[in-house]
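Have a look at the structure below before the remarks.
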DNA sequence: GAAATAGTGTCTGTAAGACATTATAGG
DNA sequence: CCTATAATGTCTTACAGACACTATTTC
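Residue numbers (our numbering), protein chains in the order written: chain A, 188 to 406; chain B, 188 to 406.
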């Protein structure tokens with residue numbers, strides 16, 4: 188049975204750059220919309236991919252060179268209207284990476300755009316990005332998700348600023364730190380101090396290595 | 188380009204029956220797993236369905252006769268291992284319906300099973316049901332979602348019991364009602380009173396008709 | 001010492017939880 | 001009257017928010 192459904196994956200890769208949340212876009216190397224900016228995406232390959240998330244990881248790696256520490260299925264976009272080539276499914280994913288890992292691991296073929304100011308894109312890619320941002324905002328309010336945008340070690344102020352940036356709200360320093368210590372998912376890194384023209388700051392890392400921590404309260 | 192990916196939808200239809208959460212299952216009318224219980228599901232039909240959610244609604248209607256007041260995309264399950272026929276995608280949805288609407292609108296070809304005691308099912312259908320229950324539990328804690336399991340009019344005690352059943356926790360009556368009135372999404376139905384061998388109870392309905400209400404706090 | 005940021009302490013208001021009390025039906 | 005449930009009130013505690021204060025570095 189041939190249903191003639193095009194099956195693809197797209198990835199919304201987000202990172203912090205220049206004190207703003209940025210989306211990674213690529214110039215399409217083929218028709219349709221050749222040479223236009225779009226999300227990294229591609230066909231599912233049943234012979235290579237064990238499931239759609241594996242497909243998303245493969246596509247991200249092949250197109251950008253990046254292996255993200257956090258990648259999650261977002262939503263499945265579908266229909267006959269979104270792609271000229273026919274009725275299609277895109278299982279969209281989103282991923283987070285810290286900027287230095289992106290600069291180091293990436294193959295330089297991609298471009299960063301401020302997440303709140305993305306140009307009009309082909310297909311329904313603008314909508315997919317909106318979904319990703321909404322998911323990120325929601326999930327950040329009750330999890331350690333924003334830490335994937337930071338390097339492995341960071342100060343509490345850096346973490347707070349990241350939460351503030353994502354959620355678009357100011358947080359009180361004292362309240363934020365009280366909650367963090369209640370949530371008990373960070374640990375100070377011995378002898379790791381961030382210097383500056385002021386009192387130095389203790390560096391922290393996530394306790395459970397590289398695992399998303401879900402809180403029972405909001406930050 | 189033929190990718191040979193089987194594209195399907197499955198629906199986890201949940202309802203309240205006998206003071207428990209129940210899943211609707213059907214006996215499969217074709218191979219594989221003919222005559223075994225499974226989730227209502229079917230192929231996506233690009234010529235009929237505008238998107239996957241339309242496909243899920245169509246499949247649910249055709250197989251069970253039911254049009255659910257609430258149906259939401261859940262998660263996309265995929266891979267070469269889940270279906271003998273080949274590499275497949277199932278865009279799973281979940282839906283809620285109150286029991287009397289199910290009895291009235293349904294075509295009697297389905298079966299109810301307690302959601303916490305579903306028999307082993309073909310494909311990854313047990314896993315899909317687990318996902319649906321987890322989503323229902325999560326979303327219920329901060330929304331009016333459980334009201335879709337109740338008739339259009341209900342008492343506050345019935346609503347509270349529904350929340351308790353879904354989330355598996357006891358709630359304090361006074362606290363629950365205080366929060367509900369703060370959340371301001373219910374309205375009493377004039378002259379609608381539920382009688383019994385005790386003080387009669389006021390009947391309520393959701394203010395915004397048939398719309399999911401998201402709270403900024405938990406119930 | 002001044003500037004800048006790190007890090008902690010204190011007060012207050014509000015909301016949640018526990019529980020008691022009153023209200024209103026049937027028998 | 002008793003029983004059962006509806007509906008509301010009260011007290012206490014916990015936590016969020018606001019803000020002040022202290023600490024430690026560079027210049």
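Glycine is no exception: its CB is placed at the ideal position from the N, C-alpha and C atoms.
Q) Under the DSSP definition of a beta bridge, which residues are partnered with residue 426 of chain A? A) Nothing can be reported for residue 426 of chain A, as the shown portion of chain A is limited to 188 through 406.
(Q) Considering only DSSP beta bridges, list what residue 194 of chain A is partnered with. (A) Sequence index remark: in the first chain, residue 194 of chain A carries index 7 (1-based). Paired residues: A:276.
Q) Does the beta-carbon distance from residue 247 of chain B to residue 282 of chain B come in below 8 Å? A) What you label residue 247 of chain B is simply residue 60 of the second chain in a count that begins at 1. What you label residue 282 of chain B is simply residue 95 of the second chain in a count that begins at 1. Yes, Cβ-Cβ distance for residue 247 of chain B and residue 282 of chain B is below 8 Å.
**Q.** Span of the alpha helix (DSSP H) around residue 242 of chain B
**A.** Numbered from 1 along the second chain, position 55 holds the residue referred to as residue 242 of chain B. That run of the alpha helix (DSSP H) goes 239 to 251.
Q | Neighbour list for residue 194 of chain A in chain B, Cβ cutoff strictly below 8 Å | A | As a first step, residue 194 of chain A must be located in the first chain, where it is residue number 7. The answer, in chain order, is 190, 192, 194 and 276.
(Q) Could you tell me the alpha carbon to alpha carbon distance between residue 211 of chain B and residue 221 of chain B, rounded to whole angstroms? (A) On the second chain, position 24 is the one that residue 211 of chain B refers to. On the second chain, position 34 is the one that residue 221 of chain B refers to. Computed Cα separation, rounded: 17 Å.
Q: Note down, one range per segment and in chain order, each alpha helix (DSSP H) of at least 4 residues found wholly within the stretch 347 to 406 of chain A.
A: 360 to 370
Q: Measure from the alpha carbon of residue 401 of chain A to the alpha carbon of each residue in A:206, A:313, A:388 and A:371, then state which is nearest.
A: By 1-based counting over the first chain, the position of residue 401 of chain A is 214. Comparing Cα-Cα distances from residue 401 of chain A to each of A:206, A:313, A:388 and A:371, the minimum goes to A:371.
Q. According to a CB-to-CB cut-off of less than 7 Å, which residues of the stretch 252 to 285 of chain B neighbour chain A?
A. 260, 262, 263, 265, 266, 267, 274, 276 and 278
**Q.** One or two residues paired with residue 199 of chain B in a DSSP bridge
**A.** As a first step, residue 199 of chain B must be located in the second chain, where it is residue number 12. DSSP output for residue 199 of chain B lists B:281 as bridge partner(s).
(Q) Between residue 380 of chain A and chain B, is the shortest Cβ-Cβ distance under 8 Å, so that the two count as touching? (A) Counting from 1 along the first chain, the entry for residue 380 of chain A is found at position 193. Not closer than 8 Å to any Cβ of chain B, the Cβ of residue 380 of chain A fails to qualify, so no.
Q) Can you name the residues of chain B whose CB is closer than 9 Å to the CB of residue 231 of chain A? A) Mapped onto the first chain, residue 231 of chain A falls at position 44. Near residue 231 of chain A (Cβ distances below 9 Å), the residues of chain B are 190, 192, 265, 274 and 276.
Q: Measuring alpha carbon to alpha carbon, tell me which of B:219, B:284 and B:315 ends up nearest residue 272 of chain B.
A: On the second chain, residue 272 of chain B is found 85 positions in, with the first residue counted as 1. Selected option, being the one with the closest Cα: B:219.
(Q) Just to confirm before moving on: does the CB-CB distance between residue 192 of chain A and residue 231 of chain B stay below 8 Å? (A) Here the question's residue 192 of chain A lines up with position 5 in the first chain. Here the question's residue 231 of chain B lines up with position 44 in the second chain. For residue 192 of chain A and residue 231 of chain B, yes; Cβs fall inside 8 Å.
(Q) Please list, in chain order, the chain B residues whose beta carbon lies closer than 7 Å to that of residue 238 of chain A. (A) Along the first chain, read from residue 1 onward, the residue named residue 238 of chain A stands at position 51. Simply 265 and 266.
Q. For the ligand GDP, is there a heavy atom less than 7 Å away from the beta-carbon of residue 328 of chain A?
A. This structure does not include the ligand GDP; it has no bound ligands of any sort.
Q) Helix or strand or just coil, what does DSSP make of residue 263 of chain B? A) The residue labelled residue 263 of chain B in the question sits at position 76 within the second chain. Three-state DSSP puts residue 263 of chain B in a strand.
Q. Taking the alpha-carbon positions, what's the residue 392 of chain B to residue 242 of chain A distance?
A. The residue given as residue 392 of chain B occupies position 205 in the second chain. The residue given as residue 242 of chain A occupies position 55 in the first chain. Their Cα atoms are separated by approximately 45 Å.
Q.
I'd like the list of long-range same chain contacts for residue 203 of chain A, defined as Cβ closer than 8 Å, with 5 residues on each side in sequence excluded.
A. Within the first chain, numbered from 1, the residue matching residue 203 of chain A stands at position 16. For residue 203 of chain A, where only same-chain residues beyond five positions count, the Cβ hits under 8 Å are 209, 285, 286, 336, 337, 349 and 352.
**Q.** Cα-Cα separation, residue 226 of chain B to residue 199 of chain B
**A.** Counted from its first residue, the second chain places residue 226 of chain B at position 39. Counted from its first residue, the second chain places residue 199 of chain B at position 12. Their Cα atoms are separated by approximately 6 Å.
Q) Since residue 279 of chain B and residue 263 of chain B are thought to touch, with beta carbons under 8 Å apart, how far apart are those beta carbons, to the nearest angstrom? A) As a position in the second chain, residue 279 of chain B is number 92, starting the count at 1. As a position in the second chain, residue 263 of chain B is number 76, starting the count at 1. About 7 Å separates the two Cβ atoms, so the contact holds.
Q) Whose C-beta lies closer than 8 Å to the C-beta of residue 236 of chain A among residues of the same chain, with five residues either side of it excluded? A) The residue given as residue 236 of chain A occupies position 49 in the first chain. For residue 236 of chain A, where only same-chain residues beyond five positions count, the Cβ hits under 8 Å are 242 and 245.
Q) Which term fits residue 266 of chain A, buried or exposed, when burial requires 16 or more other beta carbons within 10 angstroms of its beta carbon? A) Here residue 266 of chain A refers to the residue found at position 79 when the first chain is read from its first residue. It is buried - the Cβ of residue 266 of chain A has at least 16 other Cβ atoms within 10 Å.
Q) Exposed or buried, residue 249 of chain B, counting other C-beta atoms within 10 Å across all chains shown (16 or more means buried)? A) Residue 249 of chain B sits at position 62 when you count from the first residue of the second chain. Classification of residue 249 of chain B: exposed, given that the 10 Å Cβ count is below 16.
Q: Pick helix, strand or coil for residue 204 of chain B, following the three-state DSSP scheme.
A: Looking up residue 204 of chain B in the second chain gives position 17. If DSSP states are grouped into helix, strand and coil, residue 204 of chain B belongs with the strands.
Q) Whose C-beta lies closer than 8 Å to the C-beta of residue 307 of chain B among residues of the same chain, with five residues either side of it excluded? A) Along the second chain, read from residue 1 onward, the residue named residue 307 of chain B stands at position 120. Cβ within range, chain order: 313.
Q.
Rounded to whole angstroms, what is the Cα-Cα separation between residue 367 of chain B and residue 360 of chain A?
A. Taking the second chain and counting its residues from 1, the one referred to as residue 367 of chain B is at position 180. Taking the first chain and counting its residues from 1, the one referred to as residue 360 of chain A is at position 173. Each residue's Cα considered, the two are about 32 Å apart.
Q.
So for residue 342 of chain A, helix, strand or coil by DSSP?
A. In the first chain, counting from the first residue as 1, residue 342 of chain A sits at position 155. Residue 342 of chain A: coil per DSSP, three-state reduction.
(Q) Using 8 Å for Cβ pairs, my map puts residue 251 of chain B next to residue 293 of chain B. What's the rounded Cβ distance? (A) To locate residue 251 of chain B, count along the second chain from 1; it is residue 64. To locate residue 293 of chain B, count along the second chain from 1; it is residue 106. Confirmed, Cβ separation roughly 6 Å.
Q. To which residues does DSSP link residue 293 of chain A through a beta bridge?
A. Numbered from its first residue, the first chain carries residue 293 of chain A at position 106. According to DSSP, which records beta bridges pairwise, residue 293 of chain A is partnered with nothing at all.
(Q) So if DSSP puts residue 299 of chain B in a beta bridge, which residue, or which two residues, is it bridged to? (A) In the second chain, counting from the first residue as 1, residue 299 of chain B sits at position 112. The partner list for residue 299 of chain B (beta bridge, DSSP) reads B:211.
Q: Report buried or exposed for residue 268 of chain B, applying the criterion of at least 16 other Cβ atoms within 10 angstroms of its Cβ.
A: Sequence index remark: in the second chain, residue 268 of chain B carries index 81 (1-based). Label assigned to residue 268 of chain B: exposed.
Q.
Less than 7 Å between C-beta atoms, sequence neighbours within five positions excluded: which residues of the same chain meet that for residue 305 of chain B?
A. Here residue 305 of chain B refers to the residue found at position 118 when the second chain is read from its first residue. Within the same chain, residue 305 of chain B has close Cβ partners 210, 313 and 316.
Q: Indicate the three-state DSSP secondary structure (helix, strand or coil) for residue 335 of chain A in the structure shown.
A: Taking the first residue of the first chain as position 1, residue 335 of chain A is located at position 148. Helix.
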